[in-house]
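Here is the structure we will look at.
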């Protein structure tokens, strides 16, 4: 004799509840940004924006380690990239390489500042 608990909807509801219960309170993990294959000034700036977002979201020492590793990759990408050199005659000309290197240095300082309470 059945008490009504044997219908298939209950089984799928239990499976849904089990699936939902495992994720309760856990943040959604996003994929780490990857260094662009064609490292241009624009693509490196986008990559650095993604790294800055990850630094803002960092909650653990491991998160900060990940950000530091991404910054190392960015620095390598900048070294390997061939951004246009500033015009030597124009003192006010932009230096894309220098600007990108500054964008790496700033979050590095942020990583160190975030580590201070632990060290």
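Residue numbers (the working numbering): 8 to 126. Glycine included, each C-beta is placed from N, C-alpha and C at the ideal position. It should be emphasised that the depicted structure is a prediction, and the values quoted were computed from it without experimental measurement.
Rounding to the nearest angstrom, what Cα-Cα distance links residue 170 and residue 44 in this structure? With the chain represented from 8 up to 126, any question about residue 170 goes unanswered, as that position is not in the structure.
Three-state secondary structure assigned by DSSP to residue 40: coil
Given a cut-off of 8 Å on the beta-carbon distance, is the pair residue 111 and residue 81 in contact? yes
DSSP three-state call for residue 66: helix, strand or coil? coil
Let me make sure I understand the geometry here. Which of 47, 49, 54 and 48 has the alpha-carbon closest to that of residue 41? 54
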